[in-house]
Amino acid sequence: MELRDLKAFMAVVEYGSFTKAASESFVSQPSLSKSIKKLEDTLHVELLNRTTRNVELTDAGSIVYKQGQKIMRSVHDLHILLDDLLNIKTGSIKLGIPPLIGTLFFPEIARKFHKQYPEVHLELVERGAKTIGTLVENGDVDMGIVVIPTDERKFSVQSFVEDQFCVFINDSHPLAQQEHILLQDLKNETFIIFTEEFTLHDYVIRSCKSVGYTPIIGYKSSQWDLIVELVSSNLGVTLLPYSIAAKQTNKNVKIIPLYNFDMPWRLGVITKKNTYQSFALKQLLNTIRTEEGSEN
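Residue numbers for the sequence shown follow our numbering, so the first one is 1 and each next one is one higher.
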């Protein structure tokens with residue numbers, strides 16, 4: 001059954017005559033008659049009683065007309081729903097975000113996006129950056145924020161934030177009064193770092209090894225605020241991005257830049273290559289791009 005044949009039948013019933021329906025539909029009367037005959041042949045029933053001068057529905061025609069009204073309403077609703085989608089009014093996006101990144105940067109992005117598109121639901125999946133790459137690759141989340149560089153053969157990558165690492169150290173520590181700290185100066189210190197699923201776990205260890213030593217690991221955690229609290233309790237030192245400085249308020253913790261060691265923290269937004277992106281996702285990526293641009 002073709003929709004245009006059903007529309008022709010509906011028009012004849014609603015206008016009460018073939019002549020009026022043909023005129024209002026901008027088609028010839030023979031074309032209209034042909035469409036209705038085709039619909040009858042498809043459904044194997046007669047829809048109109050042709051023995052009278054006026055348009056008269058058969059019992060089957062009455063059923064088809066009532067169901068046709070429902071079909072036309074559904075088609076109308078379909079256009080409205082697609083218009084909403086095209087205008088980013090509705091939708092759902094799953095985002096993979098490490099807890100640290102979510103805490104530091106995502107609230108402002110979510111606030112701006114929600115203000116523009118309040119009907120789009122953002123579902124956060126908090127995992128370590130290593131796991132998030134797998135989630136994006138498997139299609140379990142629509143996009144993720146990870147530490148870059150990453151595998152650009154698998155992912156489309158959009159730069160997000162760049163920051164520098166600092167030493168977070170207890171206020172009573174002998175090094176706490178220095179303006180800068182060499183990474184080599186922490187050789188004999190106990191480190192508190194993220195767990196293995198986080199990119200920062202390997203990043204800190206690799207950085208220490210690059211200056212000649214393997215760090216002593218005392219504690220591991222998946223929560224940056226717990227790591228800072230352990231530093232506050234004088235149980236070790238840690239390396240964290242400077243962005244955390246504005247979030248942590250513990251007076252027992254000093255934040256000191258690294259001296260003579262470039263240790264950048266680069267974040268990127270990744271999506272799986274060669275996959276469909278919803279209109280809502282494209283707009284969220286644009287919001288993140290705009291936010292990143294305003295930071296620079």
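Heads up, the beta-carbon is just placed ideally off N, CA and C, and yes, glycines get one too.
So, are the CB atoms of residue i and residue j less than 7 Å apart?
| i | j | result |
| --- | --- | --- |
| Ile192 | Lys254 | no |
| Gly133 | Phe198 | no |
| Ile80 | Leu122 | no |
| Leu104 | Ser232 | no |
| Leu297 | Leu95 | Outside the shown range of the chain (1 to 296) lies residue 297, about which nothing can therefore be said. |
| Trp265 | Asp202 | no |
| Thr190 | Ile216 | yes |
| Val204 | Leu239 | yes |
| Leu3 | Phe18 | no |
| Leu82 | Phe160 | no |
| Thr287 | Phe113 | yes |
| Asp171 | Asn87 | no |
| Leu78 | Phe279 | no |
| Met1 | Thr51 | no |
| Val167 | Ile256 | yes |
| Glu137 | Lys154 | yes |
If you follow the alpha helix (DSSP H) that residue i is part of, which residue opens it and which one closes it?
| i | result |
| --- | --- |
| Pro257 | Looking at the DSSP string, Pro257 is not in any alpha helix (DSSP H); the run it does join, the beta strand (DSSP E), is 253 to 257. |
| Leu175 | First-last for Leu175: undefined, no H or E at that position. |
| Thr58 | Run containing Thr58: none; DSSP gives neither H nor E here. |
| Ile36 | 29 to 43 |
| Thr275 | Taken as a continuous stretch (DSSP letters only), Thr275 belongs to no alpha helix (DSSP H), as it is neither H nor E. |
| Arg4 | 3 to 15 |
| Glu24 | 18 to 25 |
With residue i as the anchor, note down where its beta strand (DSSP E) starts and where it stops.
| i | result |
| --- | --- |
| Leu183 | Leu183 -> no beta strand (DSSP E), and no H or E assigned at all. |
| Thr271 | 264 to 272 |
| Leu95 | 91 to 97 |
| Thr190 | 190 to 194 |
If I'm right that residue i touches residue j with Cβ under 8 Å, what's the distance once you round it to whole angstroms?
| i | j | result |
| --- | --- | --- |
| Val55 | Leu48 | 6 Å |
| Gln116 | Val269 | Rounded, the Cβ-Cβ distance is 18 Å, inconsistent with contact. |
| Gly139 | Lys272 | 7 Å |
| Gly91 | Val120 | 5 Å |
| Gly212 | Leu235 | Going by Cβ atoms, the distance from Gly212 to Leu235 rounds to 24 Å, so no, they are not a contact pair. |
| Leu384 | Asp5 | A question about residue 384 goes unanswered here, because the residues of the chain that appear run from 1 up to 296. |
| Ala21 | Ser28 | Their Cβ separation, rounded to whole angstroms, is 11 Å, which puts Ala21 and Ser28 out of contact at 8 Å. |
Under a CB-based cut-off of 7 Å, is residue i close to chain B?
| i | result |
| --- | --- |
| Asn286 | Absent here is chain B; the protein component of the structure consists of one chain. |
Requested in this report: Taking only runs that begin and end inside the region 100 to 168, name each unbroken beta strand (DSSP E) of 3 or more residues, in chain order.
Outcome: 120 to 126, 143 to 147
Query raised in the report: Three or more beta-carbon pairs under 8 Å between the region 7 to 14 and the region 59 to 70, yes or no?
Result: yes
Query raised in the report: Any chance the region 177 to 196 sits against the region 257 to 276, with 3 or more Cβ pairs inside 8 Å?
Result: yes
Query - Length-filtered (4 minimum) alpha helix (DSSP H) runs lying within the region 205 to 254 - result: 224 to 232
Query raised in the report: For the region 99 to 114 against the region 217 to 226, are there 3 or more C-beta pairs whose distance is under 8 Å?
Result: yes
Report task. Pair every Cβ in the region 132 to 146 with every Cβ in the region 245 to 253, then say whether three or more of these pairs are closer than 8 Å. Result -> no
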